[in-house]
Every structure is written in C-alpha cells, then in structure tokens.
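Residue numbers for the sequence shown follow the working numbering, beginning at 269 and rising by one. Idealized CB from N, CA, C, for every residue including glycine. All remarks here apply to the structure that follows.
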Amino acid sequence: MREFWLMFASDEYYLPLDHVTDAGTRYAPTSVRPGWAGRPRDCWLDWSAPGVPAVEHGWKIHVSSGLLSAQSTLDAVAEICFDEQVRFKHIAAEKFFLALHHKHGPRPQSGKFCAVYPTDVESARRVLDRLVERRRGAEAPHILTDRRYRDSASVHYRYGAFSPRDRLLADGSREPILVDAAGREIADVRRPFFTLPDGVVDPFIEAEPSPHTGSVLLGGRYRVTAAIRHSNAGGSYRAVDEKTGRTVFIKEARAHNGYTWDRVDAQTRLRREHRTLVDLHAVDPGLAPEPLEYFRAWEHEFLVTEHVPGTPLWTWAGRYNRMIRPAATRAERTAYLARAAGVLAALRAVLDRLHAQGRRFGDLSPGNVLIGPDDAVRLVDFEATSSLTGPELKMGTEGFSPPQALVDAGVDSDDYGFAALALVLLFPLQKLMQVDGAGRAELLRRDLGLDDLDEPAQDVLWAAALRYYGTAGAMTRPDPSRSRDVGPGVPQLVARAREHRGLPTAADLDEHPTRCLRELVEDLGAGLLAMARPERTDWLFPPSPRAYGTNMVCVAYGTAGVIHALHHAGIAIPEEVSARFRREALAERDRLAPGLHVGTAGVAWVLAETGALDEALELIDHAGRHELTRGVITLEGGAAGVGTAQLALHRYTGDEKRLQSAAELGELIRDLDDPTAVLGKSLQGLLRGRAGVALFLHHLTDETGDESFRRAGLTLLHAELDGAIEMPTGDLSFVEHAELRRQLPFLSVGSAGVTPVLARYVRATGDERCAEALPRIAADCALSCAVDPGLYQGLAGAVYAWADYADLAGLAHAGEAADLVPRLAGGLVKHVVRHPDGLRVLGSATTRYSADLHSGSAGVLLALSRVVHGPTGQFFTLDQREGGETT
C-alpha cells in the first residue's frame, strides 16, 4: 500500500504525498488562539503552543468527517483543543483527505481526519465529552482501528503512541512502538479493528463487549464463508443464502469513505452499480451478475449478486501462458494461442452484448474479467459502467485506460481496454507501450517467438493487441516539471546520457547479441548516473517505494546498490556521487540494520570494493556488534549476510579478525539444534530462505576448509528442496502459498535464488539430490518475459541466475543451453525506456522510474553486466577462480 502514497506527487518518480504540487483546498482552523502554531508534518498539520504538555503515549482521540464537512469539523475540534490545552493535528489539504479515504488507501488510516493528544484519562474524557456534544448528529466514517465514544458517529479513541517512536527490524524497516501497562516496549499495532495492549483497560466503558465468535450473518440470511477482498470502500465476500442454499457474492460500501478522485464515495458508486445490474438483467439476463438484493445494515450498504465462478484473466494468463518460456514445445505454444484467441473472442462477444444495450463497461481490466469452465468469459464489477452516449466515469485501471492524447482523439475506454487485455494474453507491456512504444512490439514478438509459428490465432491476438500501440507506436514523454524538487541531474552526466544509441532492434539482438548487450550496459549506466541528484537532501538516486520504509543507503533499495552495479559494469563514478555516498553511509550508520542487503554489512562491502576501506571497516564492525546480527540468520538481514560480508572484507584486507568473525557466525548457525526451524515458514530462496544461509556456509567452507559448515548448508538445501513443487511440465518450482500457487521464479524468493546455490553445492559435493533437482529448478526460471524487470523479483533476476547456472554447471560452451543466456538477457531490452535524459527502467510495479538494485535500473544493469563481463561476484558471491583469483 506504500506505493499508493508515493504515486501522486510525480509522474516520474516515487515521492511522498506531501510533495504534490497542488494539494487542493488547504485546511486550517478558521480562528487560531494566540500562541498556537501549526507545523507541517508529512500530509498533516500539527498544532501546539508553549506550555502545552507533550505526552509520549496514551488515549488518542480521532475525529472523522465527511469530505464536505471537513472545515466545520476542524473548527469544532480546534476550539475545544485550544480551550483544553491539548495538542492536535489534522489532514492538511483536500487531496490528502481523498488519499487517506480513497478506495485503495491504507485501511489502518481509514476515516482519520483530526487526531487529539490528551495528557491523561481525565483530560481525554473531558475532550471526548465535549466533542460528542459539539458533533452530535454529524455523519462521518467509522475509523477501523478505533472504538467509537458513546453514541457518536465521528468521535473515536484508541490507546497508542503520540509521538513517532519505533524500533529497528532485521529487514531494515522500523516498527512503531509504545509502552504497555507494565512499562514494556511493545509494538504499536495498527490493525483495521480495535485492539488493546496487554494490561491496558479501556476506562471509557463499563465492560469489554464479548468478542464475536462464529461466522457472520448479513441481512439476516447471508452466511459469510470467505472474505475475498478488503478496502477502504468496504469488503467483498462469498456467502451462502441460508434461505435458498445458493452461493452468493456480496459487495459492501462503507459510509463517507472509499472516495475516488472525482469525490464520489463508495455508497454512491454501489447504488449506481445496483441500478446498472437491475437494468441489464431486465433486458439481457446473464450479461452481468444477477442482482439479488440491496440492503443497509448498520451504516453500511450491501449489494448481493449471483456468485460468478472463474479465474481472473490476469491469473489465467499467468497460469497457462507457455509463450514466455523458451523451452516450451511448439504444441504447448500453439495450444495456448488457440485458447487465448478463444477467450478474446468470448470477451468480444460479451462486450458487443453490453454495447448493444447502450452501455460501456468503463474499467476493462484483468481483475474484472473472469474465465470460467470451458473458458467462458464473464464481466464482473460494473462500478464504472456508463451510457455510450454520455461522459465516461474515468475510473479505469492504470495501463488499461487510454492516455489523455487518445481520449482527446475520441478513443473509447472499452476499445482501448480490449486491446490492452489482448496484450495481456500475450504479455502485459501496457505501461511501457504508453510511455515509449516505438519498436517495443517487435522486441516482444521476438521474445514470444511468434515468428517461429504460423498459427491463425496469433495473428488475431497480435492485431487486437497492437490496435492502439502500433508496431512503431509514438513515444510519449512524462512531464518532469510536474515533479516538485526533482530538477535536472548533474549537467555533464545528463548530456552524456542523452547521447545514447537507443534500443537495439530485434534483428540486431539476434545477429549481434554481445555487441548489443555491451552497448546497452554502457548507455543504461550513463542513464542511471544522469538520474543522480546530489543536491537533494532525501535521496541521491530515485528510490523504489521500499526505500521509504527502510533507508536510502542500503544495497537493495539505496545508493549502495546503485554504486555496486555501476562499479561492476565498469562505469566511472563521479567523485561528488561517491563522496555523498561515503558521507551518508557513516552518518546513517546507527539507524541502519546490520544486514547484507538492507544494512551496514552490504554498505561496507560496497565501500570496500570502491576503495573506501577505512569506512568499510568501521561499518562492518558496526554490523558485527549489532544485536540483530545474531537474532536472525538470513542472508538478507542476519548472521549469514553479515558473515558473508566479513569474508569479503577478509579478502580485501587480509585481516584474520574478519575470518574469525565470519567463522563465529557460521558456528552459531551450524550449532543450532534445528536451523530450519529458526527460519520457520519463510519463503524459499536466497534472501530469507534456507538457500541464502547455505550459500554463506558454502563460502565459509571455502575460506576455512572446515567441511562441517558445508554439510550444515547441505542439510538446509535439502530442507529447501522439500518445499519444491513439481509443475505439470516436470519443472520444479516454489509457490507463495499452497492454495494460491503463485509461482516464485525470482532471485530473492524462489527458483532463481535457489538455482545458483544448488549449482555451487553440486560442483563442490556432487550431492545426488541437488544434482537431480538443479536442471529442473533452473528450467523454472528460464523466462523471456516477466511483468517486473527487476533483479530481486523480476526478469533481471532470472537472467542473472541463468548466467550463473551456465557457468557453474558447465553449460557455458554447451550449445543451446549457452545460447539461452544472451537470449534471455535480450528480453530485458523491452523493459528499457528511452527518456529525454537517457535510458532508464520503470521500477517497482512498472509505474515510476527507480534507480535501485531491487527493482530499478541498477538491477537490470547488474544482470546485463553479469552476462557481458562474466562472473565478478556481482550479486555478492565469493567464488574461487582457477589460480586462486576470486570473483
């Protein structure tokens, strides 16, 4: 949900919500008492005065409001707080209000408008009583995290921290904390329902209500069997009608909440949707879900319809699409194309029926198209449906709604959405096609191998998919002026980046793959440096959303990862960039976790490889002393990662203290009664799984000669393989959840991360189980296309894993297997965007540019460098080359 907050201030980068250029109507008390002043804090305005006490934690009061009554609500709250001498804050502007109450906003913040901080229980009671009287009869949204006071609709309270206070976690994030009744620091949990810390008693009620047990009965007859989705707008549920025994679908709309940017709330939209379904069912039953009932319970409204079974188109395409796997047989590929063309034809027929009734769907996106038995197609969620002769409601999903230029040209959202869904059935490149379409279709056609087939179905799909993108689609450019405080980068770096050679064509990649990839490394590196902003105080390179929840310095999300990628690509790093990195690494040291990917150990490694040994030693010592190092054993944020960094520093310095520190961490892991149990149910893979810990133990054995470490690592790897699932193709994969069965072919979690570790153990031990599993797991991550281009959870990670596998398993000169590596690497080209300031990559969720190693340009650069330059330890490995040289 963090991405939601970071996508409104800029069309180019992820920036905090308060960086938005035009926040709309600004809120402030109409009358301010002498001495009181408001201080901006994020998207809030925080009010206090000299002598007003500041309390760390206690009974926090929240006052909710409808959008239209926001100013009057604020004036009432401010007057009482001025009188009672208590601090308070409120949302600072209308756009911030809409974001907190948006249908896709974070539920723990839902409904909050004003927050009041009384000094004690009696102060809280006085303020609560006055607010209830002042706000009597006001309609306002329920705040999910809180309990309402007395009979008020808008006055709420909860026990929590008043001032920002947190503690560091091993993954680099920070957890809000407060002090409980016993004086212990505990997590300040913000769940979307009211909770109390242990030992804290609610002083505002006589007795705690009995907790609800059993299933929920709605409308007196609908027994909820599953929650399908929760949002600020309300939940959606599967239920059984106890009067008929029929399975039904129920959609909920909360009052005064779930807004869209047009200021329409959830209940207005749900009533509109109900009218649409009633009208459609009367003239064409089965075209839309059958409406069964509309009722109100408490303050919420509910729409009951038939339950439409099926798989969302997005999931269906991901499950059955064999076009993105180079090893798929011709029969598998042609069979999928025929099915996909049938689905598209069925979707066209449904749309034609809807249009015949004078309606447009309005939000034709993968989640709203269900594929049922025999590939039958149904549309669901008619919230954005409107008359063909009237204005559109403009509620479409990003990437599936026409850009403004096409809207101005009269392109209808259903026609555009149909083309976008045809592309999804082949491979989803909607955002990239919109931003920079020229030549991208040919690159996609190459990676799908369509020219090797001669099937009528592919022509149908291709023509539909390219209707609005075209084989030479016009390139559109974001407007950098909309990004506040994001000025031009270092002028000479920008000038160099603008001289890029562009993207290679599909023919170039086939005929001259090595040259094309080498040139792409140079130009992508230049574009990455052109994004540097040394003058900014928050970040040096544009980060992905996760950096805002961890730090801007680390390997995965921060500057260290970018510099690491540039270094291994052989690109000179300007002194002003490296100096800023060294300064920040030391300045932020005490706020960083110790881990390899998220903290000081990884930063130390990058400092060492770029020549800053003194700073590197200072930071690795910090990592070694940190309590989290021994509390977690993962490669990402615990002992395994810190130990690997200690080994790297040993190689750079020859200091035996580093080797001893690494060995002590290895002994800690090796001597655990059950290290697999310590890792618990963590996802299989490199960063938090058993494979990452095994990788450290493998390197430790190479350095110390103590085979007991590698034996312990082999046990961990076997436990990792216990979680592998055989796919219908015979490949071995890993899944996020046994029921969801979302495949994980990634470097951070899943097969791309397990493959390089297995390859090292097979080479070192010859273990039969690992040797048998290795090619089957490697096959799972042989992808020509992935939705995300990133290194940790995208296509770049699969490319990196295959390059490692080809070298370690002796495939580097083995014909077709070796040829697959540059072929897969060439697939990354279709994710590179030609920006006015150089080549770059749309990072996390492919919605904004980011430079980081995790999901942005640096990760793609590192994977390409691995293919172009061979193994040089790009992803923090320490392998021995012949003659003792390390990589």
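- Partner residues in the beta bridge of Ser1001, as assigned by DSSP, are Ile993.
- The C-beta separation of Val648 from Asn636 comes to about 6 Å, placing the pair in contact by the 8 Å criterion.
- Nearest neighbour of Ser1125 by Cα position, chosen from Ala550, Leu792, Ala521 and His1137, turns out to be Leu792.
- If you look at Cys382, you'll find it in the beta strand (DSSP E) that goes Cys382 to Tyr385.
- Burial state of Thr544 is buried, judged by a 10 Å Cβ sphere holding 16 or more other Cβ atoms.
- Counting of Cβ neighbours within 10 angstroms places Thr512 among the exposed residues, the total staying below 16.
- Contact check for His835 and Glu877: beta-carbon distance about 6 Å, within the 8 Å limit, so the pair qualifies.
- Trp315: member of the beta strand (DSSP E) spanning Trp312 to Ser316, first to last residue.
- For Gly487 against Phe570, the beta-carbon gap comes to about 6 Å, under 8 Å, which counts as contact.
- With a threshold of 16 other beta carbon atoms within 10 Å, Ser655 falls short and is exposed.
- Nearest in C-alpha terms to Ala992, of all of Gly981, Glu1004 and Leu982, is Glu1004.
- Around Arg621, the same chain offers Asp552 and Leu555 as residues with beta carbons nearer than 8 Å, after the five sequence neighbours per side are excluded.
- Straight-line spacing of the CA atoms in Pro460 and Pro559 works out to 29 Å.
- Between Tyr604 and Arg590, the C-beta gap is smaller than 7 Å, which places the two residues in contact.
- By a beta-carbon distance limit of 8 Å, Leu693 does not contact Leu712. Their separation comes to about 12 Å.
- Secondary structure of Val679 (DSSP, three-state): coil.
- Note: Tyr505 is bridge-paired with Ala495 and Ile518 in the DSSP secondary-structure output.
- Burial is judged here by how many other beta carbons sit within 10 angstroms of a residue's own beta carbon; Val546 has fewer than 16 and is exposed.
- Per DSSP, the continuous beta strand (DSSP E) segment holding Ile359 begins and ends at Arg355 to Ile359.
- Residue environment for Pro386: buried (at least 16 other C-beta atoms within 10 angstroms of its C-beta).
- Counting the other Cβ atoms within 10 Å of the Cβ of Trp566 gives fewer than 16, which makes it exposed.
- Contact between Leu936 and Arg958 is ruled out by a C-beta separation of about 16 Å, above the 8 Å threshold.
- A distance below 6 Å between beta-carbons, with the five flanking residues on each side excluded, links Met995 to the following residues of its chain, in chain order: Ser1001.
- Annotation for Ile839: no alpha helix (DSSP H) segment contains it, and DSSP assigns it neither H nor E.
- With contact defined as three or more Cβ pairs closer than 8 Å, the stretch 433-449 and the stretch 854-869 are in contact.
- Taking a cut-off of 8 Å for Cβ pairs, the stretch 1020-1031 and the stretch 1062-1074 touch, as three or more such pairs fall below it.
- Closest in C-alpha terms to Tyr1117, from the list Glu280, Leu881 and Phe272, comes Glu280.
- Less than 7 Å divides the Cβ of Leu274 from the Cβ of Pro813.
- The shortest CA-to-CA distance from Ala392 to any of Asp533, Asp470 and Arg601 is the one to Asp470.
- Gly998 and Arg628 have their C-alpha atoms some 43 Å from each other.
- Remark: C-beta atoms of Ala765 and Ala798 approach each other more closely than 7 Å.
- Within the model, the alpha-carbon separation for Val572 versus Gly405 is close to 30 Å.
- Counting only runs of at least 3 residues, the stretch 362-449 fully encloses the following beta strand (DSSP E) elements, listed from N- to C-terminal order: 382-385, 423-429, 434-436 and 442-447.
- Sequence-distant partners of Gln1061 (beyond 5 residues in either direction) whose C-beta falls short of 6 Å from its own C-beta, in its chain, are Phe1014 and Ser1016.
- Rounded to whole angstroms, the gap between the alpha carbons of Pro465 and Gly379 is 22 Å.
- Within the same chain, Cβ atoms closer than 6 Å to the Cβ of Val830 are found at Phe809, Ala1119 and Ala1126, the five residues on either side in sequence being excluded.
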